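S.K.: Take 370 as the starting number for the sequence shown in the numbering used here and just add one per residue. Virtual Cβ for every residue (Gly too), placed ideally from N, Cα, C. These numbers come from a predicted model, not from an experiment.
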Amino acid sequence: QVQFVESGGGLVQPGGSLRLSCAASGSAVSIYTMAWYRQAPGNKRELVATILPGGSTNYADSVKGRFTISRDNAKNTVYLQMKSLKPEDTAVYYCNVPFSGSLVRYSWGQGTQVTVSS
């Protein structure tokens, strides 16, 4: 079993930046595709970005060009650098290992709240 601890969220003004971290414990995640998800109030959880073990990345259209996912396998940590933030990016952000479709391999962590507001 792998546990995730997300951190780095906060309150930021539109146009600002944040860097989220996801520390994994219990097992090395270097062999997995890792992903960031987010859930805004009243909405379903959505996939934001993925990074393959080899480093290839994919992004939701809504964040493409503004967010960057990266990983440090030595630290068992995945990052999400977010810039040019918009109010619609407000959500709780989570990381996990995609499994099949919308399913994930492990239990969700507590997430980290990102609020974009002036």
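Taking the Cβ atom as the reference point for each residue, do G379 and S390 lie within a distance shorter than 8 Å?
M.R.: What you label residue 379 is simply residue 10 of the sequence shown in a count that begins at 1. What you label residue 390 is simply residue 21 of the sequence shown in a count that begins at 1. No.
S.K.: Using a 10 Å radius around the Cβ and a threshold of 16 neighbouring Cβ atoms, would you call G470 buried or exposed?
M.R.: Reading the sequence shown from its first residue, position 101 is the one you call residue 470. Under this definition G470 is an exposed residue.
S.K.: What would DSSP say about P456, mapped onto helix, strand or coil?
M.R.: Reading the sequence shown from its first residue, position 87 is the one you call residue 456. P456 falls in the helix class under three-state DSSP.
S.K.: Closest to K413 by C-alpha separation, out of G478, D430 and A460, would be which residue?
M.R.: As a working mapping, residue 413 is identified with position 44 in the sequence shown. Taking only the C-alpha atoms, the option nearest K413 is A460.
S.K.: To the nearest angstrom, how far is it from the Cα of G434 to the Cα of S487?
M.R.: As a first step, residue 434 must be located in the sequence shown, where it is residue number 65. As a first step, residue 487 must be located in the sequence shown, where it is residue number 118. In a straight line, the C-alpha of G434 is about 22 Å away from that of S487.
S.K.: Is I400 near I420, with beta carbons less than 8 Å apart?
M.R.: Position 31 of the sequence shown, counted from the start, is the residue given in the question as residue 400. Position 51 of the sequence shown, counted from the start, is the residue given in the question as residue 420. In this structure, I400 lies away from I420, with their beta-carbon atoms at least 8 Å apart.
S.K.: Can you look up A392 in the DSSP assignment and give me helix, strand or coil?
M.R.: Working through the sequence shown from its first residue, we reach residue 392 at position 23. Strand at A392.
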